[in-house]
Amino acid sequence: MASSMMKTMAEMVNTAKDLKLNKDLLRHSRLFENRALFLMNSLYEENDEGCMSLMNTEDKVWGIHVAPVECAFDNGMIDVVGHPCVQRLLNSVWYKDTAAIWRGWLESVFCIGVSGTVCFQAWISPAMMFLIHYLIMLGMLVAYSAFLLSNAKGISTFSDIGVYELLVYLWFIADIAEEIVLKELLQFSWILFVFIMCAGVLYHSNMYPNHRDMWPNLGADTAHWRIWKIMALPYWQMYGELFIDELKGDTNSNGTCTFVESEWESNPDVERCVEYDWAIMVVAAMYMLISNLLLFNLIIALFT
2 MASSMMKTMA EMVNTAKDLK LNKDLLRHSR LFENRALFLM NSLYEENDEG
52 CMSLMNTEDK VWGIHVAPVE CAFDNGMIDV VGHPCVQRLL NSVWYKDTAA
102 IWRGWLESVF CIGVSGTVCF QAWISPAMMF LIHYLIMLGM LVAYSAFLLS
152 NAKGISTFSD IGVYELLVYL WFIADIAEEI VLKELLQFSW ILFVFIMCAG
202 VLYHSNMYPN HRDMWPNLGA DTAHWRIWKI MALPYWQMYG ELFIDELKGD
252 TNSNGTCTFV ESEWESNPDV ERCVEYDWAI MVVAAMYMLI SNLLLFNLII
302 ALFT
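For the sequence shown, the positions run 2 to 305 when the numbering used here is used.
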């Protein structure tokens, strides 16, 4: 603990460009690390099992619950982590006390010359979890490759989804649920969703004033719900698609829209023409500033 504190202080001093103090702190850090290694060597020679247990025993130091091996790993104390005591401890945890090396662990997995309890412990060891995880990853990569090589078609019923496609969907959902970092990402996504909806509503209310038909055919025609129009424009603006011509109404002359209310209300395939208002450009300028600069910098800071 003393060595790690000295090393952290040395890094802080190095930032302040006080090189002499930095060298002194690093020298003291190394001194405490050597003392820890000396104690480990002495205890390991007298009682190797006790030394391994001590290195993995969590204690409370200045309000911090930490084990010596965890502290050494977090602070890059390579000599401590590379000590035979720590290496044996890590192998013991990795193979769940069933073997010292991977060959013995494989024998325990296949129950060769071991008891049922040892065989069970080998199957629930971190090494087995690691192996299963990467075998599943390999299988999913094969399924994903097969899905990309298959003939993708539209889906009208559940039976239209192929086996490879279904596996890819399940893998995608499971991978999302597994990521711990998504807890923080969801908070950001909620903020981003609010900004997108606010900008979309402001756009729509100024581009299409007094638009009442938000859910065509009493909501049955989901493809023409206005919510998609509201969300699409500010969403794609985050990726650099400005839609300046559409915001100003310059696309009205291409013949794909109409100002006649009865036409676009009776036929959802006919788009309503944009009624330009100067407030639209103000909203676009503010939204692009906030979304592209502030929000993206926020997510960068969130993950760093």
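Note that beta-carbon positions come from the ideal geometry of N, C-alpha and C, so glycine has one too.
Check your understanding: Could you give the residue range of the beta strand (DSSP E) that holds His-66?
Key -> Here the beta strand (DSSP E) through His-66 covers 65-67.
Exercise for review: Count the other C-beta atoms from every protein chain shown that fall within 10 angstroms of the C-beta of Tyr-96, then say buried if there are 16 or more, exposed otherwise.
Suggested key: Burial is judged here by how many other beta carbons sit within 10 angstroms of a residue's own beta carbon; Tyr-96 has at least 16 and is buried.
Check your understanding: Below 9 Å between beta carbons: does that hold for Met-56 and Leu-26?
Key -> 9 Å or more divides the Cβ of Met-56 from the Cβ of Leu-26.
Exercise for review: Tell me whether Cys-258 sits in a helix, a strand or coil according to DSSP, three-state version.
Suggested key: The answer is strand: DSSP assigns Cys-258 an E or B state.
**Study point:** Beta-carbon separation (whole angstroms), Asn-293 vs Met-239, contact threshold 8 Å
**Key:** With a beta-carbon spacing of about 7 Å, Asn-293 and Met-239 fall inside the 8 Å limit used to define contacts.
Point to revise | Terminal residues of the beta strand (DSSP E) in which Val-62 lies | key: Val-62 -> beta strand (DSSP E) spans 60-62.
Exercise for review: Excluding the 5 residues preceding and the 5 following Ala-280 in the sequence, name in chain order all residues of the same chain whose CB lies nearer than 7 Å to its CB.
Suggested key: Excluding sequence neighbours, Ala-280 sits near Asn-207.
Practice item. Examine the Cβ distances between the stretch 256-273 and the stretch 146-155 and report whether three or more of them are shorter than 8 Å. Key: Contact fails: fewer than three Cβ-Cβ distances are below 8 Å.
Check your understanding: If we count Cβ pairs, one from each stretch, closer than 8 Å, do we get three or more for the stretch 224-242 versus the stretch 188-203?
Key -> Three or more beta-carbon pairs separated by less than 8 Å link the stretch 224-242 to the stretch 188-203, which places the two stretches in contact.
Point to revise | Within 9 Å, strictly: CB atoms of Tyr-170 and Ala-147 | key: It is not a contact, given that the beta carbons lie outside the stated cut-off.
Practice item. Quick one: using the 10 Å Cβ neighbour count with 16 as the cut-off for buried, is Ala-128 buried or exposed? Key: Here Ala-128 is buried, its C-beta having at least 16 other C-beta atoms within 10 Å.
Practice item. Taking 9 Å as the cut-off, decide whether the C-beta atoms of Tyr-204 and Val-284 are in contact. Key: In contact: Tyr-204 and Val-284 (Cβ atoms closer than 9 Å).
Exercise for review: Could you tell me if Tyr-135 is buried or exposed, where buried requires 16 or more neighbouring beta carbons within 10 angstroms of its beta carbon?
Suggested key: When all chains shown are included, Tyr-135 counts as exposed.
Review point. Quick one: what's got a C-beta closer than 8 Å to Val-202's C-beta in the same chain, skipping five residues either side?
Key: Excluding residues within five positions, the ones whose Cβ falls inside 8 Å are Ile-231.
Review point. Which residues share a DSSP beta bridge with Arg-273?
Key: In the DSSP assignment, Arg-273 forms a beta bridge with Thr-259.
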